[in-house]
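Below is one structure, written out as structure tokens, with a few remarks after it.
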Amino acid sequence: MGMYFKVYHKLSKEPIATFNEHQIVDFCMSNKETIKKYYFSTGGQKDLMEWEVFAVKHAELFVQKAKEREEKEKKLSESVDIKEPSRLPFFIIGGVAALIIAAVISAFIYRAVTKDDANRRVHDLSAQTEGTDPAADAAEPQEATKPAATAPAKRDPRPGDDKFIAKAPAESLLQATWEKSKKPLPASLGPLDLKEEMDKYLTALQTCFNDRAKAGDKNLRGTVNMKIRVAGDGTVLEVLFPDDKYKATLFTDCLGEAIKKEKFRMFKSKEQVFSYYYEL
272 MGMYFKVYHK
282 LSKEPIATFN
292 EHQIVDFCMS
302 NKETIKKYYF
312 STGGQKDLME
322 WEVFAVKHAE
332 LFVQKAKERE
342 EKEKKLSESV
352 DIKEPSRLPF
362 FIIGGVAALI
372 IAAVISAFIY
382 RAVTKDDANR
392 RVHDLSAQTE
402 GTDPAADAAE
412 PQEATKPAAT
422 APAKRDPRPG
432 DDKFIAKAPA
442 ESLLQATWEK
452 SKKPLPASLG
462 PLDLKEEMDK
472 YLTALQTCFN
482 DRAKAGDKNL
492 RGTVNMKIRV
502 AGDGTVLEVL
512 FPDDKYKATL
522 FTDCLGEAIK
532 KEKFRMFKSK
542 EQVFSYYYEL
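Under our numbering, the residues of the sequence shown are numbered 272 to 551, in order.
Rendered as structure tokens:
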């Protein structure tokens with residue numbers, strides 16, 4: 272039995288089809304205009320790949336398909352006694368090669384843009400907060416949008432609105448969790464890792480925005496600055512919203528709860544604190 276591939280819709284991340292080696296190439300070639308709307312996975316792997324990564328990783332399938340089409344065209348030409356060989360196979364191979372080259376270039380551009388965006392959005396505060404109050408000593412966040420006359424609906428203030436107060440898990444509990452990992456763990460998560468984790472909450476961000484807008488909240492759009500504290504087992508301990516516009520609002524309560532519900536990937540430190548922002 273050959274390899275099989277799953278295709279997911281990028282927006283919903285729901286699987287839409289499973290293909291074999293031949294079918295996946297036909298699917299990609301037939302959907303060239305919309306191919307970036309899908310994620311891919313190989314076999315039973317859980318990690319979803321962007322189209323550019325998938326095309327580079329499985330380029331041999333596209334080349335193999337082109338060769339098969341060339342052989343088929345050649346046999347067809349011989350069977351009908353066509354003296355002048357068809358140029359279609361060369362166009363197919365050339366087209367596939369161009370597609371793969373474009374995918375490689377796009378992958379490099381995508382990684383460069385993603386890395387730049389991650390470095391811009393993520394600011395690791397862990398080193399600055401060791402032994403101090405993270406909320407007080409953190410670097411200045413991205414400049415926020417100035418509050419308008421009508422602010423998002425607020426609730427009564429709480430102690431955890433301005434500083435981190437939750438206790439991190441005990442070292443022994445973290446160690447026991449780390450030992451269960453089947454692969455080596457990094458000492459901490461880098462900017463790209465953190466951006467990937469934060470991208471998981473974009474759907475929740477949209478949901479919270481829509482729900483509060485329907486409830487009558489005004490002036491929700493702007494730069495949502497956050498300070499996030501994550502334990503080494505991936506548990507999101509706390510999420511602070513330092514700007515007055517978003518502090519203690521029903522909108523950011525919704526977003527903060529959504530972020531805390533889903534764990535980060537594990538890393539081998541007691542905790543990590545970083546700043547991040549979403550643009551609405």
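By construction, the Cβ of each residue, glycine as well, lies at the ideal position given by its N, Cα and C atoms.
### Query
Thinking just about the alpha-carbon of each residue, which of K539, A519, I372 is nearest to the one in A502?
K539
### Message
I'd like the ranges of any alpha helix (DSSP H) spanning at least 4 consecutive residues and lying wholly in the stretch 305 to 350.
### Response
Qualifying alpha helix (DSSP H) stretches, in chain order: 322 to 328, 330 to 350.
### Task
Take G527 and list the residues in its own chain whose beta-carbon comes closer than 6 angstroms to its own, dropping the five residues that flank it on each side.
V510
### Query
What are the residues that DSSP puts in a beta bridge with N291?
Y275
### Query
When you compare each of L551, T523, K534, I295 to V334 by their alpha carbons, which one comes out closest?
Ranking the options by Cα distance to V334, first place goes to I295.
### Message
Tell me the rounded alpha-carbon separation between Y310 and K498.
### Response
30 angstroms
### Query
Per DSSP, L511 is paired with what?
DSSP lists K498 as the beta-bridge partner residues of L511.
#### Entry: Inter-residue spacing [alpha-carbon to alpha-carbon] between P462 and G505
16 angstroms
### Task
Answer yes or no: do Y548 and N496 have a C-beta to C-beta separation smaller than 9 angstroms?
The Cβ-Cβ distance between Y548 and N496 falls below 9 angstroms.
### Query
Would the beta-carbon of P423 fall within 9 angstroms of that of R483?
yes
### Query
Name the DSSP beta bridge partners of T421, please?
Note: T421 sits in no beta bridge, so no partner.
### Query
What first and last residue would you give for the alpha helix (DSSP H) that runs through P462?
462 to 470
### Query
Expressed to the nearest angstrom, what Euclidean distance is found between the alpha-carbon atoms of L551 and M469?
15 angstroms
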